[in-house]
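In mature numbering (1 follows the signal peptide of the UniProt record, and there is no 0), the protein residues as written are -19 to -1, 1 to 620.
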């Protein structure tokens, strides 16, 4: 009776807190967010940030988000069989299991998949003076599971659960990483036995680890139990169960999926930690990082290094973001384990000819078109120099920009007004330094990869301001939303009339100019190369489809050796990464279309449903026997 009272008290307290939620002054909680926001967050990685007495401790929970269509049927059946057998029948809380718990019949707590997902996404591994107690947390899980289940939908919620559950510590979060770690294969290739083994691990990953000698037999026995449950529940036949037991595991040959998110994690902590994390707290930051894109960004850099395309004397910084500024991948250095310095945001370097972008905008605003004639001749002596190009005299703005003619750029800046070019720079997020010196259009000022990538994103998105961000929402130990960046405010900074001409000239750079090495297989690419004096810095910044990528390669001070230009390794890196991410995105769109068949339509959630449900639960708890309780609980389903 005591156990029943304490649990009921806990979730009634949670309900009382929710009842007051409509008041404007009250805080917003995770489960109060709109359904589409919840669906975004449940598929997102999280950076866990702890503020200690001496500094910060942070790590990334970086699962690869699989869509419902990417998760094999055998895995869905296995996890439901062992973790929540009535998952597709209840509304977030399995009332029969809960009644057994309240009467002392079960020791595991009767947590459904929605309840477990809430625990993992909101309450797990958080601490602080206002963190929920275990009892309060259980009450909150019970109370809000119904809302969560309604908001996200069964198929998407099951996928989110398999994406976010831990299969063995911080580095093996989610089904994708577990499949690659334990069986060296994609989830779609899992056998029935392998799916059962992974499903069995969820209860205690260390206890049922199939790779450790001392736990291997225990893991096998657990897999057999899952197969037995699947057969008993009608999810597989007895014949399928026996075949699976005999077949066992069949490991593949794929390498383990690994990424280095430390640069991104550090950026999040330094950008948002001070404001949102109090001393002694651990707070969860839902972030914009895409582990697949991060992996591709790292892999193609590694391949270029091994091929000798990047001299050992050069370091690297790269940023990939969506056109709205949400950062999807970040490379801080060629090897974070050796050089823990984030070149993507901390390296203050010259921009080279990537700085000519604002000149195009200002030229368009002053009435110039891609076919306008410009003068490509030195102003004094041999300045500005065009390198090996020489001077062309008269040419079009399109050709001058595509070929990166410095003399034409400086003359054009002086013609339309250096102050106007500087003003255009600031509108897209670039601080050009002294606006009185026309050489700033050649990139003589200091900037960083994040800034330049954001500037090009403002052109890619149709002319709207970009404020690079890595955080979607900040959630504390009580599930309260301390910050919500889910809505991107659109402020126009480039006239609409200038978007198409600017796109055309950036496209020409790749089609016939200095960026030819960035040409893609099947997609259009837009961008600009940049190289500074003495080849100290080499750049390519551009975009294709819905991804903007900035890459800087810079020689370390005091190092000699081969040199780079933006038209070389940076453009080649862009080509490799853009091809790979575009191919993945195209594949993902086809999967999304398949998943749409089971997608959950957004609708308004009525908390009164949950209140009515608890009233019914109260009556069921007073029933004299379990059959009477079932009759009360499921009376609506019989009519």
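Glycine included, every Cβ here is placed at the ideal spot set by N, Cα and C.
The beta carbon of residue 9 sits closer than 6 Å to the beta carbons of 462 from its chain, once the five residues preceding and following it are set aside; these are given in chain order. Separation of the CB atoms of residue 558 and residue 270 is rounded to 15 Å, and the pair is thereby denied contact status at 8 Å.
If you draw a straight line from the Cα of residue 454 to the Cα of residue 126, it comes to about 20 Å. When DSSP assignments are scanned along the stretch 434 to 495, the uninterrupted stretches of alpha helix (DSSP H) that are 4 or more residues long and fall wholly within it turn out to be 480 to 493. Taking each of 167, 24 and 28 in turn and checking the Cα distance to residue 456, the smallest one comes out for 28. In the three-state DSSP reduction, residue 43 falls in the coil class, being neither helix nor strand. Just measuring C-alpha positions, the residue of 260, 215 and 272 sitting nearest residue 157 is 272. Counting the other Cβ atoms within 10 Å of the Cβ of residue 470 gives fewer than 16, which makes it exposed. Beta-carbon to beta-carbon, residue 491 and residue 500 are separated by about 6 Å, close enough to satisfy the 8 Å threshold.
Counted as a single uninterrupted DSSP element, the alpha helix (DSSP H) harbouring residue 181 occupies residues 173 to 182. The DSSP-derived three-state label of residue 368 is helix.
A residue is called buried once 16 or more other Cβ atoms fall within 10 Å of its Cβ, and residue 35, having fewer, is exposed. Annotation for residue 525: the continuous beta strand (DSSP E) segment containing it runs 518 to 525. When rounded, the separation of the alpha-carbon atoms in residue 11 and residue 145 is 16 Å.
Distance between residue 472 and residue 479, taken at the CA atoms: about 16 Å. Linking residue 498 to residue 119 through their CA atoms gives a straight-line distance of about 57 Å. Judged by DSSP secondary structure, residue 207 falls within the alpha helix (DSSP H) whose first and last residues are 194 to 213. For residue 147, the secondary structure class from DSSP, reduced to helix, strand or coil, is strand. Within the same chain, and ignoring the five residues on either side of residue 58 in sequence, the residues whose Cβ sits closer than 8 Å to its Cβ are 176, 211, 216 and 217. Between residue 298 and residue 312, the CB-CB gap stays under 8 Å. In the structure shown, the three-state DSSP call for residue 68 is coil. Following the DSSP letters along the chain, one finds residue 530 in no alpha helix (DSSP H) but inside the beta strand (DSSP E) bounded by residues 528 to 536. Annotated three-state conformation of residue 307 is strand, per DSSP.
About 6 Å separates the beta carbon of residue 450 from that of residue 306, a gap short enough to meet the 8 Å contact definition. Per DSSP, the beta-bridge partners of residue 296 are 535. Three or more Cβ pairs closer than 8 Å define a contact, and the stretch 244 to 259 falls short of that threshold against the stretch 526 to 535.
Between the C-alpha atoms of residue 516 and residue 47 there is a straight-line separation of about 42 Å. By the C-beta density criterion, residue 571 is exposed, having fewer than 16 other C-beta atoms within 10 angstroms.
DSSP places residue 37 in the strand class (E or B) of the three-state scheme. Approximately 6 Å separates the beta-carbon atoms of residue 190 and residue 149; this is inside 8 Å, confirming the contact.
168 is the residue among 556, 242, 168 and 458 whose C-alpha sits nearest the C-alpha of residue 49.
If you draw a straight line from the Cα of residue 171 to the Cα of residue 284, it is about 29 Å long.
Between the stretch 314 to 334 and the stretch 426 to 445, the count of C-beta pairs closer than 8 Å reaches three or more; the two stretches touch. Only residues of its own chain outside the window of five on either side were considered, and among them 441 and 507 have a CB closer than 6 Å to the CB of residue 524, listed in chain order. Here residue 231 carries a coil assignment [DSSP, helix/strand/coil].
If you ignore the 5 residues before and after residue 238, its C-beta comes within less than 6 Å of the C-beta of 158 and 161, all in its own chain and listed in chain order.
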